[in-house]
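Asks:
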Amino acid sequence: MSTDYGSTYERMNDKVGSKTVLSYLYVCPTNKRKIMVLTDPEFESSLLISSDEGASFQKYRLTFYVVSLLFHHTEEDWALAYSHDQKLYSSMDFGRKWQLVHEHVTPNRFYWSVSGRDKEPDLVHMEAHTPDGNVQYITCRAQMCTEANRNHPFPGYIDISSLVVQDDYIFIQVPTSVRATYYVSYKRESFIQIKLPKYSLPKDLHIVSTDGKQVFAAVQEWNQNDTYNLYLSDTRGIYFTLAMENVKTTRGIGGNQMLDLYEVAGIKGMLIANKRQDNQVKTYITYNKGRDWRLLQAPSTDLDGNDIHCILPFCSLHLQLQTSENPYLSGTISTKNSAPGIIVATGNIGSELSYNNVGMFVTSDAGNSWRQIFEEEHNVWFLDKGGALVAVKQPSVPTKNLWVTFDEGRQWTQHSFSSVPLFVDGVLVEAGAENQIMTFFGHFSHRSEWQLIKIDYKSLFSRRCLEEDYQTWHLHNQGEPCVMGQKQIYMKRRPGNHCMLGKDYSRILSAESCICRAHDFECDYGYERRGEGNCRPSFWFNPSTVSRSCSQGQNYFNSTGYRKVVLNNCTKGVKEMYTARKQQCPNRAPRGLSVTTKDGKLTTKLGNNITFLVNLEEGDSLRTNIQLDFGDGTAVSYSNLSWTEEGIKHIYKSAGIFRVTALAENTLGYDSTLHVTCPVEHVQLLAPFVVIRNKEVNITAMVLPTHPRTVTYFWWLGNSSEPMITLDGSISYTFTNEGMHTVTVQVSAGSVILQDTKSIAVKEFFKSLLLSFSPNLDEFNPDIPEWRQDVGRVIRKAVLQVCDFPEDQLLVAVFPGVPTAAELFLLPHKNQSEGKKRREEELEQASDVIVNALNQNLVEFELKPGARVIVYNTQLTLAPLVDSSPRHNSSAMLMLLSVVFLGLAVFLIYKFKRKIPWINIYAEVNQEKEQEMIGSVGQTDSTPKITLSEFPTSKELMEKEMDARVKRGVGNACESTREIPNCTSV
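Position in the sequence shown (from 1) plus 4 gives the number in the numbering used here.
#1: Excluding five sequence neighbours on each side, which residues of the same chain lie with their C-beta closer than 7 Å to the C-beta of Ser643?
#2: For Cys567, list the residues DSSP reports as bridge partners.
#3: Taking the C-alpha atoms as reference points, what is the distance between Pro590 and Glu669?
#4: State yes or no: is the C-beta of Val20 within less than 7 Å of the C-beta of Leu52?
#5: Between which residues of its own chain and Gly335 is the CB-CB distance below 7 Å, once the five residues before and five after are set aside?
#6: Under a Cβ-count criterion, where at least 16 other Cβ atoms within 10 Å of its own Cβ denotes burial, should Thr180 be classed as buried or exposed?
#7: Are the segment 728-741 and the segment 690-706 touching, with three or more C-beta to C-beta distances below 8 Å?
#8: Rounded to whole angstroms, how far is the Cβ of Ala277 from the Cβ of Leu234, which I believe are closer than 8 Å?
#9: According to DSSP, simplified to helix, strand and coil, what is Tyr582?
#10: In this structure, what does DSSP give as the bridge partners for Ala826?
#11: With DSSP as the reference, label Lys19 as helix, strand or coil.
#12: Exposed or buried, Ser338, counting other C-beta atoms within 10 Å across all chains shown (16 or more means buried)?
#13: In this structure, does DSSP put Ile347 in helix, strand or coil?
#14: Please state whether the Cβ-Cβ distance between Leu321 and Leu307 is less than 7 Å.
#15: Buried or exposed for Thr12, going by 16 or more other Cβ atoms inside 10 Å?
#16: Please return the same chain residues whose Cβ sits closer than 6 Å to the Cβ of Ile913, not counting the five positions on each side in sequence.
#17: For the alpha helix (DSSP H) that Lys868 lies in, which residues bound it at each end?
#18: How should Gly535 be labelled, buried or exposed, when 16 other C-beta atoms within 10 angstroms of its C-beta is the threshold for buried?
#19: Run through the segment 839-863 for me and flag every whole beta strand (DSSP E) of 3 or more residues, listed as ranges in chain order.
#20: Let's test the definition: count the other Cβ atoms within 10 Å of the Cβ of Phe819 and tell me whether it reaches 16, buried, or not, exposed.
#21: Nearest-angstrom Cα distance between Ala824 and Glu783?
#22: Which residues in the same chain have their Cβ closer than 7 Å to the Cβ of Asn153, if we skip the five residues on either side of it in sequence?
#23: Confirm, please, whether the CB-CB distance from Val366 to Asn352 is below 7 Å.
#24: Please classify Lys293: does DSSP put it in a helix, a strand, or coil?
#25: Considering Gly160, what are the terminal residues of the alpha helix (DSSP H) in which it resides?
#26: Quick check on Trp454: buried or exposed, where buried means 16 or more other Cβ atoms within 10 Å of its Cβ?
#27: For Asp429, report the span of its alpha helix (DSSP H) as first-last.
#28: Looking at C-alpha atoms only, which residue of Ile655, Cys527 and Gly635 is the closest neighbour of Arg663?
#29: For the alpha helix (DSSP H) that Pro789 lies in, which residues bound it at each end?
#30: Using the three-state DSSP reduction, which class does Asp306 fall into: helix, strand or coil?
#31: Please go through the same chain and pick out, in chain order, the residues whose beta-carbon is closer than 6 Å to the beta-carbon of Met937, but skip the five residues on each side of it.
#32: Tell me, to the nearest whole angstrom, how far the beta carbon of Leu991 is from that of Ser851; I am working on the premise that it is less than 8 Å.
#33: What runs of the beta strand (DSSP E), each 3 residues or longer, lie entirely inside the segment 218-281?
#34: Less than 7 Å separating the beta-carbons of Asn613 and Lys576?
#35: Grab me the residues of Gly294's own chain with a C-beta within less than 8 Å of its C-beta, minus the 5 sequence neighbours each way, in chain order.
#36: Label Asn559 either buried or exposed according to how many other C-beta atoms from any shown protein chain fall within 10 Å of its C-beta, with 16 as the threshold for buried.
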């Protein structure tokens, strides 16, 4: 130990015991005179404690092996210890006595209370395992954690290693086999589900920061591998909006993913990120928390003064944004709170980020202009509160010199610190110290001992700075003085003055609020910024939806599509126009009624209490009557939905299968649900979207993955109160009445029951067209039912814009699988007085208009900013009218059609030689193949269509490609070829 900044050292072996083997040393963060030293558990389990900065030690035996320690952030004697057997202990006397807090605690998932947020300073947050293997979030006081004193802030189970406690926020993830679901508690309020954009479908989520009165989260979405999307929340951490797509990641030494995102110290709202775009990685900077990003302007000259011809956006400056895993090295980028506007980083100039031919660059005006300072990589440290910079070559290169600048990197002076070149492994500069001491440590060669070199740089400064040594600096973004809604003026030392900054040095001179303008507002949740700069609703978002908790007579805030950037200080201007408006809650008819069980299961033991939860997407919860029929002859009624928030409990007194039905009703209408839904779906119901009245139709339930044991199927058809029970996953059924019919299948496997529901339109006749899309739609297709439904609505809206046709008579069904395909159904109106022939003519006329629009590429939609999708008609001829009249289905017809279309296909290939982008194959299948084509679209007697993309050039490749794609097309229609015997025979 050294007490004179490394001039002399004292050997301490005798103070801790000459034969003691040490494993780790901890210094108390709130009192550096207090030290804990752990012994190596392979020899003994003891703790050495010093309260006099190492002058003396006392040894205390431990009954457990310490894996990690966590000190309290304000109380210097409080500590938590995590043992090798997953037990958590607490000490309130700096490790002299320990008490068990909890067993089976998840590693690194325990936290002390947060000052100003938790009521008890000794509160401990932790993630612990239950005896049955589940995981819970538990809080208790460090020395009073008995079963009676434990609290469970989140009522259910959580995913392992998901608990995060930071500042005002607590985050958890709940276990589900379908998709990740996250919850947040703001200021220790009740947990609320985090709202990411509907189809982000995260594979992984990391909390980046929470210290700016909002949450930065990095989300790896379903279609990403080595990139993450950056999201920003509102103040409560609930509603997240996209800040940047495809942020690059770098794998650290320990194998963990490091996000290429850097928060610039000293200037709020300023971030730098590396984004992957078109197979290139480029560096972007933002001054308003991700609302707007731009490339970095490269220096105009190089180190020798030669001009650099680098023109945006084709060429720019790119920076490496990795922070060092060695705390004694600066990493590839450095900033400091006490030196606002100064950024030093490793980078390169060109069209993309490169790790070859790199240099060192500096900016002193917060990224508006850059200068190159070295041609090789260096570590750079800030001295004297940023008044000076010191640079040393990377550890891989030995050096005996360091470079110092007093003018923010414009001029550097060289100083020698060693007579022999040293591999510098680190530099210790005490934060906030007034002693002007640096300690270099490293080695002369890979076989030499450690070398420590003390450097006192006080002599570099001539005097203390006076008032005339300072100048003002105005923060700006390419000349725009308003940054984060205010004009900020900083006080800086004049470049080149070798004076030392004092303790009372103040960085910000003044901050004046600006008038609010459009760039002070970001898009609200559910909105996206379009090409013209305005925020428009995403394709999946319905801005007219009002929370079901909004009751008539109350008020709610109706979003304008914008929200003010958090911590932006602008005033007046467009603030009122963009801020959410307070409006009275409308009286709405109930819609979106559903019933779930609280535990997510559709089975219960006889005599047990089962809790049902009633949910309503829209409707006045205080003015909506709820009726729940348990299916066993008993029912309950509630005068308003809010009374059912804790659930409705019921005990079944006899065994059986019961159909639970719910009805929500108010003065404007009603909505009903005919089944209990299971939150976790492992079964998919495959059924036609539109069928012919009085004509048999195949309906199939597919369990994924294939269940190895016997499966029982319960089919609820129409309004039947009793299910049809089968051991086969397919049934045939005939609908006798026109209208919308609901089909539900429940699959029982052992003690688990899962279910799925589909709505089928039953008509006397209809007309349909097959649709395909420009390939960019496949990039955004996660292949889940909700996405297909939302995109179907977008397609229908796009078609209606070019066709004057009643909205309720147009149905679009998007098929599972990729490439994305869909079927458009034209349904007759309900007016029977006109006669069938008249209604058929109307469908023919509407079909002609739609086909012409499709052939002219007039039907298109924007799925998200920059992603415009064109809708095509994939049929070579107009689709025939489908009705209930008898049709030929003989083998002769099959042969004739096959010969005609095969001849047509061969002629087209020969004639145009790959110039036709789409070739369609039509095949009519017999009754047996209809049974095999589960998931076949449309009616059972219609023609299945399989779309092939462009053929390879050679005959052999063409045949191979045709065969593979036909199989794949059938596989998409069937959802999985594993389920179809002889699926390739079509």
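Don't be surprised by glycine CBs; every beta carbon is placed ideally from N, CA and C.
Computed from a predicted model, the values in this text were never measured in an experiment.
Replies: In short:
#1: Asn629
#2: In the sequence as presented, Cys is not what sits at residue 567; that position holds Arg. Partner(s): Glu526.
#3: Distance from the CA of Pro590 to the CA of Glu669, rounded to the nearest whole angstrom, comes to 15 Å.
#4: yes
#5: Gln326, Thr327 and Ser328
#6: exposed
#7: yes
#8: 7 Å
#9: helix
#10: Leu775 and Val818
#11: helix
#12: With a 10 Å radius around the Cβ and a threshold of 16 neighbouring Cβ atoms, Ser338 comes out buried.
#13: strand
#14: no
#15: exposed
#16: Here the model assigns Ile913 a pLDDT of 42, short of 50, so the residue's position is not dependable and the matter cannot be decided.
#17: Unbroken run through Lys868 is the beta strand (DSSP E), Glu864 to Lys868; no alpha helix (DSSP H).
#18: The residue is exposed, with fewer than 16 neighbouring Cβ atoms inside 10 Å.
#19: Qualifying beta strand (DSSP E) stretches: none in this window.
#20: buried
#21: Per the sequence shown, residue 824 should be read as Thr rather than Ala. Taking the straight line joining both Cα atoms gives about 10 Å.
#22: Cys144 and Arg145
#23: no
#24: coil
#25: Careful: Gly160 lies outside any alpha helix (DSSP H) and carries neither H nor E.
#26: Exposed.
#27: Premise fails: Asp429 lies in the beta strand (DSSP E), Phe427 to Leu432, not in any alpha helix (DSSP H).
#28: Gly635
#29: It spans Pro789 to Leu804 - the alpha helix (DSSP H) in which Pro789 sits, taken as one unbroken run.
#30: coil
#31: Here the model assigns Met937 a pLDDT of 34, short of 50, so the residue's position is not dependable, and the following value carries that caveat. Contacts found: none.
#32: Within the shown structure, residues of the chain are numbered from 5 to 990, placing residue 991 beyond reach of any answer.
#33: 220-224, 231-237, 244-255, 261-263, 265-267 and 275-281
#34: Not in contact: Asn613 and Lys576 (Cβ atoms no closer than 7 Å).
#35: Leu234, Leu236, Ala247, Met248, Leu275 and Glu526
#36: exposed
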